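*Asks:* Below are the structure tokens for one structure; questions will follow.
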Amino acid sequence: MRFFALSILSALLWVASAAQAQILHLELGAANYEADAGDHPTRFLVLEQTVTDLIQKYGNSGTIYLSDAHEDGLELAGKHLEKWLQTQGQSKIQVILLPGNYLDMELPHVKTTHLTNPDADQLPTHDIQEINDYIIKNLQKIAENSETGLLITTYFTEKPFDHIWTLPDFLGERYELKEVKSSGYIYHFPTGQTLDDLKSEGNRMAMDFTNTESKTFVLRKSVHPCQEALLSTSPAP
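Shown next as structure tokens:
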């Protein structure tokens, strides 16, 4: 009887370990603009690199949710990722599309969540306090719904995209925003251009920005230092 009980326990531990090893990821802002903004091969480079990191950390099976307000661009991202996974020999990763504004949606509980390049209006940058409260409340909700918190990567650290630094002013004691090691990936627009490319062409808007290196932060509930080692804060760029 004792051997039988130990066998069941071992089986349960194996199942739990296998489930833990699977990818369960939510990628916010996955479309990188609307569908007709450009179709250069580097448009979804950050998405590819994010999924590569996930496969290395969690294995080659599981589910990836893609979400964006641009539904046509999201469909393009989904098709691109499925095709890319096939070329990588990855047939056990399911891609599910969740169109809509992530601040207004019911999102699935996942292990990892990554928000790429939030616009300034998706951060608490507004003159109306009620709007800022609404945004931060939903960002906190997304962070709580992810086992490792909400990873936020911004590629433009000058105004108006430096407002991520204002997040701690709104978080309260139960939440923290912590900068983590960035991948160093360079953001590419749907046309394939980088910010430096636009500057070299004399683009006036690009001249307002001086930093193209990514900055990555994790937003989550405050944790005791003893818990720090149990939480992975860099599953994606």
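According to this note's numbering, the residues represented by the sequence shown are 73 to 309, in order. Even for Gly, the Cβ is constructed at its ideal location relative to N, Cα and C. Fair warning: this is a prediction, and the values are worked out from it, not measured in the lab.
Between which two residues does the beta strand (DSSP E) carrying Gln-166 extend?
*Replies:* 164-171
*Asks:* Mapping DSSP to helix, strand and coil, what is Leu-195?
*Replies:* coil
*Asks:* Threshold first: 4 residues or longer. Then list the alpha helix (DSSP H) segments lying entirely within the segment 202-248, N to C.
*Replies:* Counting whole runs of 4 or more residues, the segment 202-248 contains the alpha helix (DSSP H) stretches 240-243.
*Asks:* Whose CA, out of Gln-166, Thr-185 and His-112, lies closest to the CA of Leu-98?
*Replies:* Thr-185
*Asks:* Under 6 Å Cβ to Cβ from Ala-103, same chain only, skipping five residues before and after it: list those, please.
*Replies:* The residues are Asp-140, His-142, Gly-145, Leu-146 and Ala-149.
*Asks:* Would you mind sorting Ala-93 into buried or exposed? The rule is 16 or more other CB atoms within 10 Å of its CB.
*Replies:* exposed
*Asks:* Would you give the residue range spanned by the beta strand (DSSP E) that Ile-95 belongs to?
*Replies:* 95-100
*Asks:* Pull up the distance between the alpha-carbon of Thr-124 and that of Thr-225, whole angstroms please.
*Replies:* 16 Å
*Asks:* Measuring alpha carbon to alpha carbon, tell me which residue in Ala-215, Glu-216 and Gln-194 is nearest Tyr-206.
*Replies:* Gln-194
*Asks:* Is the segment 256-267 in contact with the segment 105-116, if contact means three or more CB pairs nearer than 8 Å?
*Replies:* yes
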